Every structure is written in C-alpha cells, then in structure tokens.
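For any residue, its number in this note's numbering is found by taking its place in the sequence shown, counting from 1, and adding 32.
One structure is given here, and the rest of the page talks about it.
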Amino acid sequence: MNRKEFLQKSLFGAATVAVASSPLAFTSCAPAKKSTATLNLSFQEGTAPGKSLNEKFDYMEKMGIVGFEPGGRNLANRINEIQEALKGRNIKVSAICAGFDGFILAEDPAVKAQFDSTMRDIIAAAGELGSTGVIMVPAFNGQKPCMPHTLETRAYLCEQMHELGEYALKHNTTVILEPLNRRECHYMRQVADAAAVCRDSKSAGVKCMGDFWHMQEETSDYAAFMAAGTEYLQHVHVASRGNRQMPGEDGEVDNYVAGFKALKEMNYPHYVSFECGCKGEREVSLPAAVELLRAQWELA
Ligand code: MG
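Here it is, written out as structure tokens:
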C-alpha cells in the first residue's frame with residue numbers, strides 16, 4: 033500500500049466511524065420527533081399596563097399570556113389578593129422573583145440569618161400559590177462582605193442550597209438559581225455553572241434558569257439550555273438583548289431562535305417570562321414583543 037492508498041483508506045475508515053457514531057447522522061435519517069412544548073409566556077407584575085391586578089390580568093388574558101411572576105417581597109401577605117385575582121382565569125403563578133433580605137453567601141451571620149428567614153417565608157408563600165419556584169442569586173457584586181470565590185465557598189453553597197431545596201420540596205415548590213453576567217455577579221455567570229450547582233446540591237428542590245438578557249457570556253443559547261436540560265431548567269427570563277427593553281426593541285440582536293430550539297427539543301414545560309423595561313409606547317411595544325416571540329418560536 034503506498035502513502036496515497038493508505039491515506040484514502042484511513043480517511044474512508046474515519047468517515048465511516050464518524051457517520052456511525054454521530055447522533056446527527058441518525059437523526060437526519062429518522063423522522064424528526066415533533067415537540068410537544070408550547071411557548072408559555074409570563075409577565076412580571078410591572079409588564080402589563082393596568083392599575084390593579086385585575087386590569088393587568090384582563091389585558092394578559094386577551095393576549096394569551098398564561099403566567100404571572102410577582103416579586104417575593106411581602107408575598108405572604110399577598111396570597112389572598114393574588115389568588116382572588118387569578119380565580120377563574122387561565123393564568124397561573126409562574127415563578128416568584130426574589131424579594132428576600134440579605135444573601136446566602138454573606139459573611140456577616142446576621143445578614144445570612146436575614147436571608148434564611150425571609151427566603152423561607154417567601155418559599156412557603158410560593159408553595160401556596162402553586163409557583164414553580166423562587167428565583168435567587170447567590171450574591172450580587174455590590175453585596176459585601178461576601179464569602180470568597182473558593183472551592184470551600186462552592187461546597188458551602190451546595191450544602192446550603194441542599195437545605196433550602198429540601199425545605200422548598202416540603203412546600204411543593206423549588207428554589208431557582210439565576211446566573212447573571214460579570215457586571216452584576218462574579219459568582220455564577222452561565223447556565224451550565226448553575227446547573228452543576230443544582231446537581232451537586234443533591235436536592236430535587238434546587239433548580240436553575242436562563243435569562244436571555246444575562247446570557248451574554250454564553251457562546252450558544254442552545255447549548256446553555258441543553259446543559260441544564262429538563263432536570264434542572266425551571267424558568268426562563270426574556271428581554272431585548274441590547275438594552276434589556278421589550279423583545280424586538282433592539283432590532284436584529286433580539287434573536288431567541290437558538291434558545292427556543294433547545295426548549296422545543298427538550299419539551300421544556302415551564303414559562304418564558306418577561307423581565308424588561310419598555311423604550312417605546314407600552315401598548316405598541318408589548319403586543320409586538322409577544323408577536324415576535326411567537327414567530328421566533330415557530331421558526332425554531
Ligand atoms: Mg432575570
């Protein structure tokens with residue numbers, strides 16, 4: 033066998049192995065599995081126009097918005113108000129957005145104790161409202177003094193998250209870690225990192241989420257969501273990707289197709305919730321944003 037023949041044989045062999053071992057080769061031959069996922073859109077409390085919860089929910093129902101994400105502050109005292117306003121509607125509480133005092137990685141025991149008690153109150157209320165979970169960030173850059181970014185701190189975080197997750201399960205809900213970006217939080221900046229903390233916390237009550245606005249440090253929205261998968265991905269936030277306004281208000285950069293493709297492929301059952309400002313007229317930008325997201329979901 034001369035060098036040319038050897039090379040041809042080796043390349044042919046390599047190609048055969050590549051075809052046989054590549055999952056893409058199989059999926060391209062097999063009929064594509066139809067996703068059963070639907071785009072369950074949710075609004076935070078400030079997103080819809082309206083003076084009262086009822087006015088906001090009327091507006092949301094007309095647009096087919098099925099989730100509501102209130103802030104966690106004072107939630108225990110708002111359970112009745114929220115339950116009454118949701119009665120008879122096709123809207124459910126999607127997730128609860130933070131609202132606790134203190135933070136979990138606080139060095140000051142008093143600040144950590146504040147977190148422990150206020151977070152547990154919110155978790156209990158979230159359970160009563162049927163929420164998928166309570167969103168939390170381990171530490172914002174501005175929160176000091178904070179435990180150092182070390183292996184010991186990560187082990188401590190996992191241990192603390194385990195306790196919190198087990199507490200949440202008792203209340204039929206979860207805690208949802210939200211990765212941010214380095215301008216806001218050095219500790220947790222990618223969805224896969226948050227998912228790994230979920231895994232290492234060893235509690236089914238510890239979940240994570242992705243926020244299209246914060247996901248600036250991901251190289252792929254698709255891979256980021258896939259890394260968490262349905263085992264850990266419990267919530268998604270959406271905003272325009274240039275200035276955190278209404279999806280679509282930043283033009284071409286507001287592309288969610290790759291992320292949506294992952295959500296569809298994994299049959300993501302939860303919500304995509306608006307967490308954003310509004311640059312233009314809300315009555316114009318908001319319906320346009322909903323329409324844009326639905327069109328991109330179809331495209332994905
Ligand atoms: Mg967010």
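Ideal Cβ placement from N, Cα and C applies to all residues, glycine included.
Remember, it's a predicted structure, so these values are computed and weren't measured experimentally.
When the Cα atoms are used, what is the spatial distance from residue i to residue j?
i, j, result
"F132", "N287", "32 Å"
"E323", "E263", "29 Å"
"V98", "L118", "11 Å"
"R326", "G261", "22 Å"
"Y300", "N86", "29 Å"
"A332", "E297", "9 Å"
"V223", "V229", "10 Å"
"K124", "L212", "26 Å"
"A138", "E191", "15 Å"
"T251", "V270", "17 Å"
"F257", "H267", "10 Å"
"K293", "S74", "19 Å"
"G206", "G96", "Position check: residue 206 holds Thr in this sequence, whereas Gly was assumed. The straight-line gap from Cα to Cα measures roughly 26 Å."
What do you reckon, is the C-beta of residue i under 7 Å from a heavy atom of the ligand MG?
i, result
"A210", "Checking the sequence, you will find Glu at residue 210 rather than Ala. At least one heavy atom of the ligand MG is nearer than 7 Å to the Cβ of E210, so yes."
"D243", "yes"
"E297", "no"
"E263", "no"
"T218", "This sequence places His at residue 218; Thr is not what is there. It does not: the Cβ of H218 is nowhere closer than 7 Å to a heavy atom of the ligand MG."
"H269", "yes"
"H302", "no"
By a C-beta neighbour count over all protein chains shown, 10 Å radius and 16 as the cutoff for buried, is residue i buried or exposed?
i, result
"P81", "exposed"
"I208", "buried"
"F44", "For F44, the pLDDT reaches just 44, beneath the cut-off of 50, and the residue's location in the model is therefore unreliable, although a value from the coordinates is still provided. F44 is exposed by the Cβ-count criterion."
"G283", "exposed"
"D140", "exposed"
"S84", "exposed"
"A127", "buried"
For the region 169 to 177 and the region 217 to 233, state whether three or more C-beta atom pairs, one from each stretch, are separated by less than 8 Å. In short, these stretches touch, since the Cβ pair count reaches three.
Stretch-stretch touch, CB-based, cutoff 8 Å, three pairs: the region 236 to 244 with the region 196 to 215: Enough Cβ pairs lie closer than 8 Å, so yes.
What runs of the beta strand (DSSP E), each 3 residues or longer, lie entirely inside the region 89 to 140? DSSP runs (the beta strand (DSSP E)) wholly in the region 89 to 140: 99 to 101.
Length-filtered (4 minimum) alpha helix (DSSP H) runs lying within the region 277 to 309: Those alpha helix (DSSP H) runs which fall completely within the region 277 to 309 and span 4+ residues are 289 to 297.
Complete beta strand (DSSP E) runs within the region 230 to 258 (minimum length 3 residues, chain order): You should have 238 to 243.
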